[in-house]
Amino acid sequence: MGKIAFVELLDRRGNIRERVRVASFPATIGRSYGNAVIVDDRLVSAKHLRLSLDSEGGMIVEDLNTVNGTWLSKPRQRIEQYSVPVGGEAVIRIGQTVLRLRGDDFAVEPASVSRPLYGPFGRYINNSVIAFLAFIAGFSLYVLVFAQEISKKVIWSDLTSMSLILLIIFALWTGFWSFLSRLVIHSFRFMIHLGISGIASIVFVILFTAEEYLEFLFSAPAEARVVEFAGFAVIFSLLLYSHLSVMSELSRRKRILSSALISLGIVSVLLLTDYVQRKEFSNEIRFSHVIKPIGRKWVRTVSSDEFFGDLYKVKAKIDAMAQEGPKEEMVEE
Amino acid sequence: MKRVGCIAVFSLIAICLLLGPCIAQEMLPETQKVFGKYSDRVVKIQVVEKDSGAKAVIGSGFFVNPSGHIITNYHVISNLVLHPDRYRAELVEAAGAIRVLSVTAVDVINDLALVKAEVNDAPFFRIAASEPQQGTRLYSMGFPRDIGLSIVEGTYNGLMKHALYKKIHFTAPINRGMSGGPAINASGKVVGVNVSSMGQAISFLVPTEAVARLMKSAGPAKRDPQSFLEEIRSQILTHQDVFFSDDLIRSGQTVRIGGYKLPGQLSPFFKCWGDSRHPENFPYHAIDHRCSTDDTIYISGEHSSGVIRFSHRYIANDGMNIFRFNHLYSELFQKSEHDADGNEEEVTGFECKSGALRRGEITFKTAFCARGFKKFRGLYDVVFKAAVLGSDNSGLETELDISGVSFEKAVGLTKGYLEMITWEK
Chain A
138 MGKIAFVELL DRRGNIRERV RVASFPATIG RSYGNAVIVD DRLVSAKHLR LSLDSEGGMI
198 VEDLNTVNGT WLSKPRQRIE QYSVPVGGEA VIRIGQTVLR LRGDDFAVEP ASVSRPLYGP
258 FGRYINNSVI AFLAFIAGFS LYVLVFAQEI SKKVIWSDLT SMSLILLIIF ALWTGFWSFL
318 SRLVIHSFRF MIHLGISGIA SIVFVILFTA EEYLEFLFSA PAEARVVEFA GFAVIFSLLL
378 YSHLSVMSEL SRRKRILSSA LISLGIVSVL LLTDYVQRKE FSNEIRFSHV IKPIGRKWVR
438 TVSSDEFFGD LYKVKAKIDA MAQEGPKEEM VEE
Chain B
5 MKRVGCIAVF SLIAICLLLG PCIAQEMLPE TQKVFGKYSD RVVKIQVVEK DSGAKAVIGS
65 GFFVNPSGHI ITNYHVISNL VLHPDRYRAE LVEAAGAIRV LSVTAVDVIN DLALVKAEVN
125 DAPFFRIAAS EPQQGTRLYS MGFPRDIGLS IVEGTYNGLM KHALYKKIHF TAPINRGMSG
185 GPAINASGKV VGVNVSSMGQ AISFLVPTEA VARLMKSAGP AKRDPQSFLE EIRSQILTHQ
245 DVFFSDDLIR SGQTVRIGGY KLPGQLSPFF KCWGDSRHPE NFPYHAIDHR CSTDDTIYIS
305 GEHSSGVIRF SHRYIANDGM NIFRFNHLYS ELFQKSEHDA DGNEEEVTGF ECKSGALRRG
365 EITFKTAFCA RGFKKFRGLY DVVFKAAVLG SDNSGLETEL DISGVSFEKA VGLTKGYLEM
425 ITWEK
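What follows is the structure in structure tokens.
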């Protein structure tokens, strides 16, 4: 059986627009109807190039003295003649048309796994039962944490309303991603999205709880906030990455990039809002007030002298703020 | 004989015509007499916003010399002192004529101001040489709620006991607008200056010794407004050194709550209250104790100084798990009793330092928050909060609020306050 070559006409993104099977050699490519492969491009000559075989079965591309020439894409150079080895390929440009030449001996990449990896939060969700369990775990953890924040004797009414709100949030979030999945990959994959949301909820609860304990143990509200914001950015981007992995065929790089960008955007808005709020004048007294049930031996303490001795920093800050007001007034006058 | 009779009748008529008003006057009620005789010495003072020409504050005042010096309350004209570019003070005469007033001296501790109008031969009050006996009838005059000059009859009840700032207890209904007006005796001598009331005819007057001091310290009529701010600041700082010594807290009484010994009535001028609560819908019970000085130094409509207030709350768990109980404890600790007044023009925002502090057997979660006065550099409001850590079923949180003191004074008082908290059981 003789050699078969394929001439693929590519679009600007490199996707195949048209594939032409060439079974007899030599074959010509050009604008006229006498060619094996016809290219509708005004910059292509009537007979532009010839495709023939060498003795080893490789292909030879030969320019037929054309006005605009034949160009190799990588490295970009004009060619008169170019050899494509057995199993190899060549991407060439004639006029404004990009052609890829491959023989039937060209080795293709192994097949992609039919089910994509669902990112870190979706990796372990193999079936609907696991997805549902993940959701139940995340939901319950949130409700449990909320229950610890109710001081009233009867907590059921508060818990019920909180659970309902939480369910609505889960439903909206999961519904949004399922809807996108339906649009992009024609499948809702509701349970997988639900499972991913459940796992992310668990991680969020762990983060927020850790932040509170950190603030209490080290009396470091500023550091705890950094951990909170950074942790939120990471977890939220992982959550987005997992959802994107389920609902799109985007490359891994693009998924990482888009999740990270969206997450950073949201965190930036949150940080900006927080900054603006703190900058605005307020009579509110904001201080670290969190008390946790941990033995006091674990709490980082200072002596009375250390605590009060350090207050000059507070005074310096206030004095700097006080200086701002009257100075501005004097300028206005 | 007929002629003598005619002369006698005419003489009698003439005598009646001449003496009639005097006799009639003698027969009038005392209040009416006092009002008729001295009302021309009391003036209405209004502080006007320059741009809109609208009245911002209405008060009263009275002449203390013929050259136009008027005594009033500092709180009546404080806007003019704090924002001379935005307000002007005016004297409104009975006929409606208006004269511009300038401030010549202030005494914020006693809430007094001396202002001057460009008038000559003003009818004026003299200051009483001695304090009257308790029960003496006094007459307070002023312009209550801008409805015209009024006179109120009341009783002198002596100086207030255990008051941080000297004040006369005057039993009479003094209303808004009468601030700065005089309280005089039947012979027209000033015994005090109307300053405040507590409703139900309990009113207060500034003693005349403060008026005499202020008149001596009177400066020129045209003073740099900034110099008043400096003066007020210095008056407050001098005053705090006298009244808020570091020993104030250390030498005070203590109170025992839930096994802790805590600051109680620190001095006679603190008023203390206590209560226990079993909130119906909440599984805990609490014991509250709070003390506060009764008096304040008025600085502006939204700001006062010289107040010390503290409160303790002991809470005991009635069935919550440790997580719920600690969350409740955190929420109670977060709440502050501090009055959130003051605007951006007058004060900075609060800056806080929080941490865990160990003192003897007790570990506290503490927060020291302060803000500065923008117009009176070196004065601060401070809120100190502390919560005892280490128990799963009970907690004690305490708060100390000090307003309008120097930073060093606030730190000293706070330190002393914390040192007074000990574990007794």
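Chains as they are written, first to last, in the working numbering: chain A, 138 to 470; chain B, 5 to 429. For glycine and all other residues, C-beta sits at the position ideal for the given N, C-alpha and C.
Inset, instruction - Can you give me the start and stop residues for the alpha helix (DSSP H) that F345/A sits inside? - result: F327 to F355 is the span of the alpha helix (DSSP H), which, as asked, contains F345/A.
Inset, instruction - Entirely within the segment 161-241 of chain A and at least 3 residues each: give me those beta strand (DSSP E) ranges in chain order. - result: Qualifying beta strand (DSSP E) stretches, in chain order: 164-167, 186-190, 196-200, 207-209, 214-216, 218-221, 226-231 and 234-240.
Legend entry - Own chain residues within Cβ distance below 6 angstroms of I431/A, not counting five before or after: Spatial neighbours of I431/A in its own chain (CB-CB distance under 6 angstroms, excluding positions within 5 residues in sequence) are not present.
Inset, instruction - Return no unless some Cβ of chain B is closer than 8 angstroms to the Cβ of V439/A. - result: It does: the Cβ of V439/A has a partner Cβ on chain B nearer than 8 angstroms.
Legend entry - Contact with chain B by F418/A, beta-carbon distance below 8 angstroms: yes
Inset, instruction - Going by CA-CA distance only, name the one from D456/A, H426/A and R433/A that's closest to K357/B. - result: H426/A
Inset, instruction - For chain A, find out if any of its Cβ atoms is closer than 8 angstroms to the Cβ of Q36/B; answer yes or no. - result: So, not an interface residue.
Legend entry - Pairwise C-alpha distance: E284/B and F247/B: 42 angstroms
Legend entry - Below-8 angstroms beta-carbon distance, F444/A vs any chain E residue: Among the protein chains of the structure shown, namely A and B, there is no chain E.
Inset, instruction - Determine, using beta carbons only, whether S298/A comes closer than 8 angstroms to chain B. - result: no
Legend entry - chain B contact for Q414/A (CB, 8 angstroms cutoff): no
Legend entry - Burial state of V204/A (16 or more Cβ within 10 Å): exposed
Inset, instruction - Scan the segment 159-192 of chain B for residues whose Cβ lies nearer than 8 angstroms to a Cβ of chain A and list them as they occur along the chain. - result: none
Legend entry - In chain order, each alpha helix (DSSP H) run of at least 4 residues that lies wholly inside the segment 22-109 of chain B: 34-42 and 78-86
Legend entry - Contact list for M458/A against chain B, beta-carbon separation under 9 angstroms: T352, G353, E355, R375, G376 and K378
Inset, instruction - Below 7 angstroms CB to CB, which residues in the same chain sit around V342/A once its five sequence neighbours on both sides are set aside? - result: L278, Y279 and V282
Legend entry - Reduced DSSP category for S81/A - H, G, I as helix; E, B as strand; rest coil: The structure shown has nothing for residue 81/A, since chain A only spans 138 to 470.
Inset, instruction - Using only alpha-carbon positions, find the residue among K419/B, S398/B and V85/B that is nearest to L404/B. - result: K419/B
Legend entry - For W310/A, the residue or residues it bridges with in DSSP: Note: W310/A sits in no beta bridge, so no partner.
Inset, instruction - Starting from M145/B, follow its DSSP beta bridges and name the residues at the other end. - result: As computed with DSSP, M145/B is found in a beta bridge with I155/B.
Inset, instruction - Going by CA-CA distance only, name the one from G256/B, C295/B and V61/B that's closest to E423/B. - result: G256/B
Legend entry - Whole runs of the beta strand (DSSP E) within the segment 231-290 of chain B, excluding any shorter than 3 residues: 258-261, 264-267 and 274-281
Inset, instruction - For P287/B, go through chain A and note every residue whose CB falls closer than 7 angstroms to its CB, in chain order. - result: K290
Inset, instruction - Say yes only if the C-beta of F66/B is nearer than 7 angstroms to one or more non-hydrogen atoms of the ligand MN, and no if none qualify. - result: Of ligands this structure carries none, so the ligand MN is not represented either.
Inset, instruction - Identify whether V157/A lies in helix, strand or coil by the three-state DSSP scheme. - result: Collapsing the DSSP output to three states places V157/A in a strand.
Inset, instruction - Whole angstroms is fine: what's the gap from G225/A's alpha carbon to V144/A's? - result: 13 angstroms
Inset, instruction - Check whether the Cβ atoms of G394/B and T367/B sit closer than 8 angstroms, and answer yes or no. - result: yes
Inset, instruction - Kindly say whether D396/B, judged by its beta-carbon, lies nearer than 8 angstroms to any beta-carbon of chain A. - result: yes
Legend entry - CB contact below 8 angstroms: S294/A versus chain B: no
Legend entry - Opening and closing residue of the beta strand (DSSP E) in which S207/B lies: I206 to P211
Legend entry - Cα-Cα separation between L105/B and R130/B, rounded to whole angstroms: Going from the Cα of L105/B to the Cα of R130/B covers about 21 angstroms.
Inset, instruction - Pull up the distance between the alpha-carbon of S265/A and that of S315/A, whole angstroms please. - result: 14 angstroms
Legend entry - Among I292/A, G312/A and A347/A, the one whose alpha carbon lies nearest that of L331/A: G312/A
Inset, instruction - Could you check which residue in G195/A, E199/A and L351/A has the C-alpha nearest to that of V221/A? - result: G195/A
Legend entry - Inter-stretch contact (C-beta, 8 angstroms, three-pair minimum) for the segment 303-323 of chain B and the segment 81-92 of chain B: yes
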